[in-house]
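A.B. asks:
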Amino acid sequence: MFGKKIDLFDKEWLEIVFAKKNKAYGAYELRQTNSWNTTKSLLIASTVFILLFLGPRIYALIKGLGPEPPPEKAVEVIVQPPPPIDPEVKTPPPVEPPPPKQDQVKFPPPIVKPDNEVKDEEPPKLEDLKKADPGQKTIEGDPTAEIVQIAPAGEGPKQAVVVEDNTVYNFVSMENPPTYPGGIEKFYAFLSANIKYPPMAAENNIQGNVFVSFTVEKDGSLTDLKIDRKLGYGTDEEALRVLKLARRWNPGMQNGKPVRVKYNIPIKFSLQQ
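Sequential numbering from 1 applies to the sequence shown in full-length UniProt numbering.
Structure, rendered in structure tokens:
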């Protein structure tokens, strides 16, 4: 028996080992099922490994077979155009840079002092004065600076350019809106006294309001006379004619300065019964 090659995993070996022993002991059953348990463990481990390795690819394949998602809806973005450039607004002129430093040689004016206070200093040579300007101390110039033309003697400093405010304001948002001399009642009284009812409007019994707008300038004069809402039959032309005859207004004031202001009024045409 001992000359025969023994297979440790064969059941015959188990019978020899556990001969005349309690086979109900757990080790005997474990030895019998050892081969099957090992095979089962390898199968389970291989299956788990394959699922972990191929799982993402299988999921991507299944997902690709499904219906395609709806395309994203494009949102149109409307960009607002930039505000128009106001040609009346003037930009201030650029500030001129200071002139570059020039070479100077110390050449102070002579001062009379006692001999014990006089310090011996070598005066500048004539050749040095030809290359540099005399001054109170020696200064090295900037050779890389641009040449700046110096104004001739007698010219004073340039005055700052004042930008005139030509903005047309709305009388509602004014600090001090323009007024007619004597008040708005005087203005309507002037219109009533000077308006001549157009014959065509009278024949057709035309009555109502003509809405007009105009600009009160800085000197109180009326410009930019326009008809905002017409009535027709000669009433529009008559309203503009009378407005041109009006006297100057008191201009509107903003920040203590007279400004241009737009004004809107209705002019009523009514036939007396």
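For each residue, glycine too, the CB sits at the ideal point set by N, CA and C. Note that the structure is predicted; figures quoted are calculated from it, not measured.
Taking the beta carbon of L231 as the centre, do at least 16 other beta carbons fall within 10 Å, making it buried, or is it exposed?
C.D. replies: Residue 231 sits at position 231 when you count from the first residue of the sequence shown. Buried.
A.B. asks: Just to confirm my understanding: we take I58, look at its own chain, exclude 5 residues before and 5 after, and list those with CB closer than 7 Å. What are they?
C.D. replies: For the purposes of this step, residue 58 is taken as residue 58 along the sequence shown, with counting starting at 1. There are no such residues.
A.B. asks: Are the Cβ atoms of I195 and E238 separated by less than 8 Å?
C.D. replies: Here residue 195 refers to the residue found at position 195 when the sequence shown is read from its first residue. Here residue 238 refers to the residue found at position 238 when the sequence shown is read from its first residue. Contact: yes.
A.B. asks: Any idea if P181 is buried or exposed, counting beta-carbon neighbours within 10 angstroms, 16 or more meaning buried?
C.D. replies: Residue mapping note: residue 181 aligns to position 181 of the sequence shown, counting from 1. With fewer than 16 other Cβ atoms within 10 Å, it is exposed.
A.B. asks: Put N166 into one of helix, strand or coil per three-state DSSP.
C.D. replies: Position 166 of the sequence shown, counted from the first residue, corresponds to residue 166. Correct three-state label for N166: coil.
A.B. asks: Of the residues P56, I265, V242, V259, which one's Cα is nearest the Cα of G220?
C.D. replies: By 1-based counting over the sequence shown, the position of residue 220 is 220. Taking only the C-alpha atoms, the option nearest G220 is V259.
A.B. asks: Evaluate K257 with the Cβ neighbour count: other Cβ atoms within 10 Å of its Cβ, from every protein chain shown; 16 or more gives buried, anything less gives exposed.
C.D. replies: Position 257 of the sequence shown, counted from the start, is the residue given in the question as residue 257. Exposed, by the Cβ-count rule.
A.B. asks: In the DSSP assignment, the alpha helix (DSSP H) including P251 goes from what residue to what residue?
C.D. replies: Counting from one through the sequence shown, the residue named residue 251 turns up at place 251. It is not in any alpha helix (DSSP H) - P251 carries neither H nor E in the DSSP assignment.
A.B. asks: Where does N204 sit, in a helix, a strand or coil, going by DSSP?
C.D. replies: In the sequence shown, residue 204 corresponds to position 204, counting from 1. Note: N204 maps to coil in three-state DSSP.
A.B. asks: Taking one C-beta from the stretch 201-211 and one from the stretch 164-173 each time, how about it: are there three or more such pairs within less than 8 Å?
C.D. replies: Counting Cβ pairs under 8 Å, fewer than three are found: no touch.
A.B. asks: Within 10 angstroms of the Cβ of T235, are there 16 or more other Cβ atoms? Answer buried if so, exposed if not.
C.D. replies: Here residue 235 refers to the residue found at position 235 of the sequence shown. So T235 counts as buried.
A.B. asks: Hey, quick one: how far does the beta strand (DSSP E) through residue 275 stretch, first residue to last?
C.D. replies: The structure shown does not extend to residue 275, since the chain is modelled only from 1 through 273, so no value can be given for it.
A.B. asks: According to DSSP, N209 sits in a beta bridge with which residue or residues?
C.D. replies: Position 209 of the sequence shown, counted from the first residue, corresponds to residue 209. DSSP, once it has assigned bridges, lists K268 as partnering N209.
A.B. asks: Excluding the 5 residues flanking K268 on each side, which residues of the same chain have their C-beta closer than 7 Å to its C-beta?
C.D. replies: Looking up residue 268 in the sequence shown gives position 268. Around K268: N209.
A.B. asks: Do you know offhand how far W36's Cα is from L42's?
C.D. replies: On the sequence shown, residue 36 is found 36 positions in, with the first residue counted as 1. On the sequence shown, residue 42 is found 42 positions in, with the first residue counted as 1. In a straight line, the C-alpha of W36 is about 10 Å away from that of L42.
A.B. asks: Tell me where the alpha helix (DSSP H) around F171 begins and ends.
C.D. replies: Position 171 of the sequence shown holds residue 171. Here F171 belongs to no alpha helix (DSSP H), and DSSP marks it neither H nor E.
A.B. asks: From which residue to which residue does the alpha helix (DSSP H) around E185 run?
C.D. replies: In the sequence shown, counting from the first residue as 1, residue 185 sits at position 185. Start and end: 184-194.
A.B. asks: What separation, rounded to the nearest whole angstrom, lies between the Cα atoms of P94 and F214?
C.D. replies: Here residue 94 refers to the residue found at position 94 when the sequence shown is read from its first residue. Here residue 214 refers to the residue found at position 214 when the sequence shown is read from its first residue. Using only the alpha carbons, I get a separation of about 36 Å.
A.B. asks: In chain order, what residues of the same chain lie with their CB nearer than 6 Å to the CB of R229, ignoring the 5 residues before and after it?
C.D. replies: Numbered from 1 along the sequence shown, position 229 holds the residue referred to as residue 229. Same-chain partners within the cutoff: F211.
A.B. asks: Less than 8 Å between the C-beta atoms of V216 and G183, yes or no?
C.D. replies: In the sequence shown, the residue the question calls residue 216 occupies position 216. In the sequence shown, the residue the question calls residue 183 occupies position 183. Not a contact, by the Cβ cut-off of 8 Å.
A.B. asks: Can you pull the DSSP bridge partners for Y263?
C.D. replies: One-based indexing of the sequence shown puts residue 263 at position 263. DSSP lists F214 as partners of Y263.
A.B. asks: Do L191 and V242 have their CB atoms nearer than 8 Å?
C.D. replies: Within the sequence shown, the letter at position 191 stands for residue 191. Within the sequence shown, the letter at position 242 stands for residue 242. Contact: yes.
A.B. asks: By a C-beta neighbour count over all protein chains shown, 10 Å radius and 16 as the cutoff for buried, is P198 buried or exposed?
C.D. replies: Here residue 198 is taken as the residue at index 198 of the sequence shown, counted from 1. P198 should be labelled buried.
A.B. asks: Select from L222, S270, Y263 the residue whose C-alpha is nearest the C-alpha of N170.
C.D. replies: The count along the sequence shown starts at 1 and reaches residue 170 at position 170. For N170, the nearest C-alpha among the options comes from Y263.
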